[in-house]
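Enquirer: Numbering (full-length UniProt numbering) for the sequence shown: 1 to 734.
Backbone N, C-alpha and C fix where the C-beta goes; we use that ideal spot for every residue, glycine too.
A quick note: this is a predicted structure, and the numbers were derived from the prediction, not measured.
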Amino acid sequence: GPLPTSNAQSTFDYQDDGTEAENVDDLAFQPLPSSTSSSTTSSSSGGTPDRSTSSDSMLRIELWSHPFQQTAQPQEFNIGTFSSALFVGMIFVLIPVSLAVDMVYDREMKAKNQLRVNGLSSSLYLSAYFIVLSGLMLVICAALLGLVFLFDIPSFRQPPALITLGVLVFLYSPAGILCSTCFSYFFDRTDSAQSILPNILTFVGLIPFILVVFLDMLGIEVKAALALHYVFSLINPMYIPYATVYFVDRVYIACRLSSACAELSMAHYMTEEVIVMACGCLLHIPIWAFCLRVSDVMKSGGRMRDLFHRSASEEDVMTEEQCTGEYEDEDVRHERSRVFRLTSNPQQSQQDDTTGTQPVVLVKSLRKEFSQESLCGNCCCCADDEPPRKKISVRSLSIAVDAGEVLGLLGHNGAGKTTTMKIMTGETAPTRGTVRVAGHSITINQDDAFKTLGYCPQHDALWKNVTVREHLELYARIRGVRGKDLNRLISTYLTGLHINEHANKQTQHCSGGTRRKLSYAMAMVGAPKVVLLDEPSTGMDPKSKRFLWDTILASFHGKRCAMLTTHSMEEADALCSRVGIMVKGELRCLGSTQHLKNLYGAGYTLEIKLKHIENIYSETPIESQPSSSQEQLQLDQSTDHIAPVISNCIDNRSMALRNFVTDLFPSATLEESFADRLVYSVPQQAVSSLAECFSRLEKAKIELDIEEYSFSQTTLEQVFLKFAHYDEETSSVQ
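(1) With DSSP collapsed to three states, give me the class of A562.
(2) Decide if H557 is buried, meaning its Cβ has at least 16 other Cβ atoms within 10 Å, or exposed.
(3) Once DSSP output is grouped into helix, strand and coil, what is the label at C179?
(4) Over what stretch of residues does the alpha helix (DSSP H) that includes R157 continue unbroken?
(5) Per DSSP, what kind of secondary structure is H412 in: helix, strand or coil?
(6) Between the beta-carbon of V97 and the beta-carbon of L197, is there less than 8 Å?
(7) Among residues of its own chain, excluding the 5 on either side of S184, which ones have a beta-carbon nearer than 7 Å to its beta-carbon?
(8) Put V406 into one of helix, strand or coil per three-state DSSP.
(9) What did DSSP end up calling G591 once you bin it into helix, strand or coil?
(10) To the nearest angstrom, how far is the alpha carbon of Q594 from that of S712?
(11) Quick one: Cα of R560 to Cα of V406, how far?
(12) Nearest CA to the CA of F665: which residue from S689, S654, F674, I240?
(13) Looking only at its chain, what residues have a beta carbon closer than 7 Å to the beta carbon of T431, apart from the 5 residues adjacent to it on each side?
(14) With distance defined between alpha-carbon atoms, name the residue in F186, G513, Y252, R578 nearest to P160.
(15) Determine, using beta-carbon pairs with one atom in the region 571-578 and one in the region 493-506, whether at least three such pairs fall under 8 Å.
(16) If you reduce the DSSP assignment to three classes, tell me which class I444 lands in.
(17) In the DSSP assignment, find the unbroken beta strand (DSSP E) run with C456 in it and report its ends.
(18) Pick from A656, I423, F450: whose alpha carbon is nearest that of I702?
(19) Hey, how far is the Cα of T547 from the Cα of T566?
(20) Hey, quick one: how far does the alpha helix (DSSP H) through S195 stretch, first residue to last?
(21) If we count the other Cβ atoms within 10 Å of its Cβ and call it buried at 16 or more, is M563 buried or exposed?
(22) Between T467 and T244, what straight-line distance do the alpha-carbon atoms span, to the nearest angstrom?
(23) Just mark P457 as buried or exposed, buried being the case when its beta carbon has 16 or more other beta carbons within 10 Å.
(24) F723: buried (16+ other C-beta within 10 angstroms of its C-beta) or exposed?
(25) Using the Cα positions of V437 and R389, report the straight-line distance between them to the nearest angstrom.
(26) Keeping to the same chain, check which residues put their C-beta closer than 6 Å to that of S134; ignore five residues upstream and five downstream.
(27) Check whether the Cβ atoms of T332 and L587 sit closer than 8 Å, and answer yes or no.
(28) For V339 versus L362, is the C-beta distance shorter than 8 Å?
(29) To which residues does DSSP link R436 through a beta bridge?
(30) Which whole runs of the alpha helix (DSSP H) in the region 477-560 are 4 residues long or more, in chain order?
(31) Buried or exposed, going by whether 16 or more other CB atoms sit within 10 Å of the CB of R578?
(32) Could you spell out where the beta strand (DSSP E) holding I61 opens and where it closes?
(33) Determine, using beta carbons only, whether L86 and Y242 come nearer to each other than 8 Å.
(34) When the Cβ atoms of the region 142-150 are set against those of the region 199-211, are three or more pairs found closer than 8 Å?
(35) Expressed to the nearest angstrom, what Euclidean distance is found between the alpha-carbon atoms of K391 and L678?
(36) Is M524 buried or exposed, if buried means 16 or more other CB atoms sit within 10 Å of its CB?
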């Protein structure tokens, strides 16, 4: 090629007359072939030069070449650079995704909420997870960088390249963990997160990377590629791993194409693209940390304003008249008035004038609504005509629980019992209303409220690979138990609940009864003032259930109280000092079990079963029966004539029995009659003396051929079934 003037040497030509030719720098240059041709022609035409004149007229030609000066670096598509950036970057993207899936498992099994209820704040939980996962990712990334060095990849062989790659990976690790964790909040099941989340985040980073690389390598729009690199580095952390490998490798390729670059240093790697990625990583950390906090609050059913401290005025609820239900009884209205009276003056001591004690739990006008989208809610033709429907799970619930009290909430599935528990534990935010636990609001002072709260959920929130003892030790430490007290407390619960032999078993190998006992122990550890028990005896055998009942009865005295939900009327009758029955989210009745039996029961139930006619015949004395086969045959042949007589006899017995019951209990009503069985409902005021009733029933048992009878008070289950029947009637009317 033509010789560059900047590197030309001072070469002189001497003519035959001895005069000096002008500097070569001032002459036009000729291509190498023509110069060589001129030299050859000169030598051949002149023949052998005369030695006498050679010293005076010697001709000298010097030739050399130099690379063409390039104003811009040539760009070419290198499949090796692209593929290495693609696969190595994908590995760095999948590492934080696989680690963040573990948080989905905690939410799926409700362990996260269980930790929070026991006093572990959400900020501390997320911070601990962030530190542990970031540390694990750094260790894994360091091992991968070591493998890159051992494989002796040319572009990463130089120490500056490894240092640059390591620094960018170090800065990316926390941002990648935070971003992956935020995306994991879109999933409620671990298997869904494991199969979908890696694909989503891989393509979130891969598609922008391919766009930038094609523009950069093909040299179509270099400025556009750089601008897109700026944008993606600052808004998309999943783009950075791909771009990191590519732009670090790009420095090595550019140096290899240029002979002016003999050895790479850190200065070569401090390119504009690398600096932008480092700044982007630092920017992503606070942004995604805030997004993680927002995601955590929203996932728990909260709102954006819950991120900030709210004043008490935001807790205002409906008036007492607006909260009155349509079907509630006088006891429920009295309880609501009591709650409104206790919360009317927050500055004054919330002491009940009726009981003389300060309630430990106050629930005021609690309401929870869930939106139900219609099948054509997204259709443009009916979206304006049909507003979104709402399902009300809890309707204006107001209740106060005193110290030393065990309050039971009864109701069928969907009545609102578990939803009430979830609101009280912060798992679900209320649509309206307030809940105070030991004087602390669960919306304003949630951390303080949870320090006094224990929770036994309906479904066991236990880690499968953690032992029984380790569960108790963890929750005891969260409650602040330390040192010798820790081991003593754990031994007390293991021995007292008869699960000492399962202490070192993983919970996945324990029976359902053992897991329920462990959940109860976790709720009781640290002696919280308020314990919420959501169907605690579900799945237990009768022996374990009875033992759990005895433990509950012995635990709640003095300043402690409990709220219990159950489907077992027997359990509520045995444990609860007061019982409330919920129907369609509304509290219909409230009071002691005996009070509810007296108020809604029929008083007593009399059930009588008469002897069958064959049994009467078999009990006839032997001498009165046929003495010969001939007499027996004659009796059998006359059966058709005797049947009307027997039917008449049965009617006479039933009539005599009904006359007896009417004489004994004039206000009794016949509820059911089938064959030889009669069931009467006896009002409580109709029974003046139980001794007299049983005396006359025993006498009638002999005279009226009664096989057996039962005279008992109305059970709580019968009261519950009565309200369930009301629910069915109101549903059919609607």
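Expert: With the given structure in hand:
(1) strand
(2) exposed
(3) helix
(4) It is not in any alpha helix (DSSP H) - R157 carries neither H nor E in the DSSP assignment.
(5) coil
(6) yes
(7) A100, V101, M103, V104, A193, L197
(8) strand
(9) strand
(10) 13 Å
(11) 9 Å
(12) S689
(13) R367, K368, E369
(14) Y252
(15) no
(16) coil
(17) 453-456
(18) A656
(19) Inspection of the sequence shows that residue 547 is occupied by Phe rather than by Thr. The alpha-carbon atoms of F547 and T566 are separated by roughly 17 Å.
(20) 190-217
(21) buried
(22) 43 Å
(23) buried
(24) buried
(25) 32 Å
(26) S173, P174, I177
(27) Correcting the residue identity first, residue 332 is Val in this sequence and not Thr. Yes; because the gap between Cβ atoms is below 8 Å, this pair is in contact.
(28) yes
(29) L362, S441
(30) 483-496, 512-524, 542-555
(31) buried
(32) Where I61 is concerned, there is no enclosing beta strand (DSSP E), given that its DSSP letter is neither H nor E.
(33) yes
(34) no
(35) 43 Å
(36) buried
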